[in-house]
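I have placed the structure first, in the form of structure tokens, so that the comments after it can refer back to it.
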Amino acid sequence: MDKRFEKQLKEYKRAGFTVKSVESGRGSHLRVVFNEFSAPQFLTTHTDDWRAIKNNIARFRRLQREGK
12 MDKRFEKQLK
22 EYKRAGFTVK
32 SVESGRGSHL
42 RVVFNEFSAP
52 QFLTTHTDDW
62 RAIKNNIARF
72 RRLQREGK
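Add 11 to the 1-based position in the sequence shown for the working numbering, that's all there is to it.
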């Protein structure tokens, strides 16, 4: 797994989201299943922009509030 993506997963864990599984997707995307959501999330391995991780965390929190 790409070191940048591992850093992403650590940030998500720090924000309170637990990864259940990670599978290959298309191209630079991975299918990530979190314990908190019923649907998988498709995340890119190319997140050089620190805001992308923060935006994902904000999106995950919204999904969590909506109970998805």
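Glycine included, each C-beta is placed from N, C-alpha and C at the ideal position.
Indicate the three-state DSSP secondary structure (helix, strand or coil) for residue i in the structure shown.
| i | result |
| --- | --- |
| residue 53 | strand |
| residue 70 | helix |
| residue 17 | helix |
| residue 22 | helix |
| residue 76 | helix |
| residue 136 | With the chain running from 12 to 79 in the structure shown, residue 136 is simply not present. |
Does residue i get closer than 9 Å to chain B when you measure Cβ to Cβ?
| i | result |
| --- | --- |
| residue 41 | The structure shown contains no chain B; it is built from a single protein chain. |
Leaving out five residues before and five after residue i in sequence, what residues of the same chain have Cβ atoms less than 6 Å from its Cβ?
| i | result |
| --- | --- |
| residue 36 | 42 and 53 |
Would you mind giving the Cβ-Cβ distance between residue i and residue j, rounded to the nearest angstrom? I have them listed as a contact below 8 Å.
| i | j | result |
| --- | --- | --- |
| residue 45 | residue 30 | 6 Å |
| residue 13 | residue 55 | That belief does not hold up - the Cβ atoms of residue 13 and residue 55 are roughly 10 Å apart, past 8 Å. |
Mind checking who residue i pairs with in its DSSP beta bridge?
| i | result |
| --- | --- |
| residue 32 | 44 |
Identify, in the order they occur along the chain, each residue of the same chain with its Cβ nearer than 7 Å to the Cβ of residue i, setting aside the five sequence neighbours on each side.
| i | result |
| --- | --- |
| residue 66 | none |
| residue 70 | none |
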